[in-house]
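Have a look at the structure below before the remarks.
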Amino acid sequence: MVSEETYTLDYILLSDKTNSNNTITYNKDGTTQFWDGQNNSEVFGEHEFDFSGLSVEFKNVEDGGGTTEQTDFTPPELTSFNFSSLNFKTDDTNVDNEEPSEGEGENENEEPPSYPEFTANAGERVFIKYDAFDADNNINHVNVWFRHEETGHSFHGYSSDADGHIRLDLNTNLENGKYVFDYMTISDDANQNNSITYYKDGTHNSGIHLIQKRSMAIMIYLYQPLQ
């Protein structure tokens with residue numbers, strides 16, 4: 003349970019969508035800091051924003067309309083995931099700009115290979131089908147990261163509507179090569195979100211997961227379109 007007290011703004015973190023994610027932190031003491039990847043050094047600066055007036059006062063509310071005391075402290079569980087057959091359509095539908103409608107993909111007619119080496123072009127949208135459940139609450143956010151096996155650069159996709167599909171929007175400036183699954187996080191919608199991270203080596207942050215490692219090692223080949 004959150005302590006009954008006043009919480010003040012501590013820092014703000016901003017990042018862009020480049021492959022290496024340029025990130026800067028604004029601290030409440032008026033300082034800034036960011037990592038300069040070109041020179042491999044931490045850069046410190048100052049800002050003029052006043053964080054002192056930004057605070058939230060939290061009070062426990064008795065029964066009668068307040069927030070119910072949380073009793074669920076168990077994270078969600080991932081049961082399966084793979085490339086969605088939405089990626090394997092052979093008709094004229096433009097899947098790149100298509101959002102799966104409610105229920106779509108739950109009974110997909112064309113099943114993708116169980117261990118595909120999926121080829122996609124930079125600029126396209128790729129879907130991953132997942133199944134997960136939470137005993138007492140709903141699935142809130144699902145995020146997955148893929149990492150270039152040579153350079154280490156990464157990109158990620160997400161789902162925030164629990165529709166069973168993760169969207170990977172492949173940036174046009176992604177470098178060519180093979181991207182392998184790195185890790186995946188799932189959280190529920192409890193007041194204090196319970197979350198779990200699944201890693202490519204068959205473990206999660208609570209122990210060993212039961213998802214087969216071969217299905218957690220999905221590969222993507224990206225090729226820049228010809229100019």
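Take 3 as the starting number for the sequence shown in my numbering and just add one per residue.
No residue lacks a Cβ here, since even glycine has one placed at the ideal position from N, Cα and C.
Open item on the list: For a test of your reading of the model: does the CB of residue 86 fall under 8 Å from any non-hydrogen atom of the ligand NAP? Yes or no.
Closed with: The ligand NAP is not part of this structure, which contains no ligands at all.
TODO: Count the other C-beta atoms from every protein chain shown that fall within 10 angstroms of the C-beta of residue 135, then say buried if there are 16 or more, exposed otherwise.
DONE: exposed
- [ ] Kindly give me the distance between the Cβ atoms of residue 172 and residue 126, rounded to whole angstroms, as I take these residues to be in contact under 8 Å.
- [x] 5 Å
Open item on the list: Please report the distance separating the alpha-carbon of residue 167 from that of residue 121.
Closed with: Taking the CA atoms as reference points, residue 167 sits about 18 Å from residue 121.
Task: Bridge-paired residues (DSSP) for residue 79 - done: The partner list for residue 79 (beta bridge, DSSP) reads 135.
- [ ] Could you tell me if residue 266 is buried or exposed, where buried requires 16 or more neighbouring beta carbons within 10 angstroms of its beta carbon?
- [x] Nothing about residue 266 can be reported from this structure: the residues present for the chain run from 3 to 229 only.
Open item on the list: Can you find the residues in the same chain that come closer than 7 Å, C-beta to C-beta, to residue 95, ignoring five residues on each side of it along the sequence?
Closed with: For residue 95, the pLDDT reaches just 44, beneath the cut-off of 50, and the residue's location in the model is therefore unreliable, although a value from the coordinates is still provided. If we look at residue 95 and ignore the five residues flanking it on each side, it has no Cβ neighbours.
Open item on the list: Assuming residue 150 is part of the beta strand (DSSP E), what are its boundary residues?
Closed with: 141-150 is the span of the beta strand (DSSP E), which, as asked, contains residue 150.
Task: Under the three-state DSSP convention, the category residue 107 falls into - done: Annotation note: pLDDT 43 at residue 107 (below 50); position unreliable, coordinate value reported separately. Correct three-state label for residue 107: coil.
Open item on the list: Suppose contacts are defined by Cβ-Cβ distances below 9 Å. Is residue 203 in contact with residue 139 by that definition?
Closed with: Their beta carbons are not under 9 Å apart, which means residue 203 does not touch residue 139 by this criterion.
TODO: Could you spell out the range, first to last residue, of the beta strand (DSSP E) harbouring residue 35?
DONE: 33-38
TODO: Indicate whether residue 164 and residue 195 have their beta-carbon atoms separated by less than 9 Å.
DONE: no
- [ ] Could you name the residues of the same chain whose beta carbon sits closer than 8 Å to that of residue 33, not counting the 5 residues immediately before and after it, in chain order?
- [x] 46, 47, 48 and 49
Open item on the list: I need the DSSP call for residue 176, collapsed to helix, strand or coil.
Closed with: DSSP places residue 176 in coil when its eight states are reduced to three.
TODO: Pull up the distance between the alpha-carbon of residue 183 and that of residue 149, whole angstroms please.
DONE: 6 Å
TODO: Take the Cβ of residue 19 as the centre, count every other Cβ of all protein chains shown within 10 Å, and call the residue buried at 16 or more, exposed below.
DONE: exposed
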